[in-house]
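Numbers 4 to 101, taken from our numbering, label the letters of the sequence shown in order.
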Amino acid sequence: MDRPFNKAGEEQSVIFSGRIRVNAAEGLREAVLAHQGLAMASQWMFAPELADGSVREVMKDWTLPDLDLWTVFPTGRMASANARAFVEYVQGLLAWKA
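If you want it as structure tokens, here you go:
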């Protein structure tokens, strides 16, 4: 996997390879917590572990490109109160990024 990292206006592409590949957040968490290597993940995914020091952030000065996140509701129907509350909750979680 080729990912562009950015630092102070400089872009560096990095090719990742490894023996473990997962396609679900739970698998990623389990691999990191089992000391199987590094992972690209949102800070909130490991917030408790980052706080207690059991997981460490590396490459702190480097960032990945922003990723757009969209909410889609069914056409012609009003979103339920639960759906609107969930969207507001996620917006609050991500507000630190804005």
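Ideal Cβ placement from N, Cα and C applies to all residues, glycine included.
**Asked** To the nearest angstrom, how far is it from the Cα of Asp64 to the Cα of Glu52?
**Response** Taking the straight line joining both Cα atoms gives about 20 Å.
**Request:** List the residues that DSSP assigns as beta-bridge partners of Arg80.
**Result:** For Arg80, DSSP assigns no beta-bridge partner whatsoever.
**Message:** Taking the alpha helix (DSSP H) that Glu33 belongs to, which residues open and close that run?
**Reply:** Where Glu33 is concerned, the enclosing alpha helix (DSSP H) stretches over Ala28 to Leu36.
**Prompt:** Where does the unbroken alpha helix (DSSP H) through Glu52 begin, and where does it stop?
**Reply:** For Glu52, the enclosing alpha helix (DSSP H) starts and ends at Ala50 to Asp55.
**Asked** Does the Cβ of Leu31 have 16 or more other Cβ atoms within 10 Å, making it buried, or fewer, making it exposed?
**Response** Buried, by the Cβ-count rule.
**Item:** Start and end residues, beta strand (DSSP E) containing Ile18
**Value:** For Ile18, the enclosing beta strand (DSSP E) begins and ends at Glu13 to Ile18.
**Request:** Go through its chain and collect everything with a Cβ distance to Gly40's Cβ below 8 Å, but skip five positions before and after it.
**Result:** Closer than 8 Å at the Cβ level, and outside the excluded window around Gly40, lie Gly21, Ile23 and Ala34.
**Request:** From the DSSP output, in three-state form, read off Arg87 for me.
**Result:** Helix.
**Prompt:** Of the residues Glu29, Thr66, Glu91 and Ser57, which one's Cα is nearest the Cα of His38?
**Reply:** Answer by Cα proximity: Ser57.
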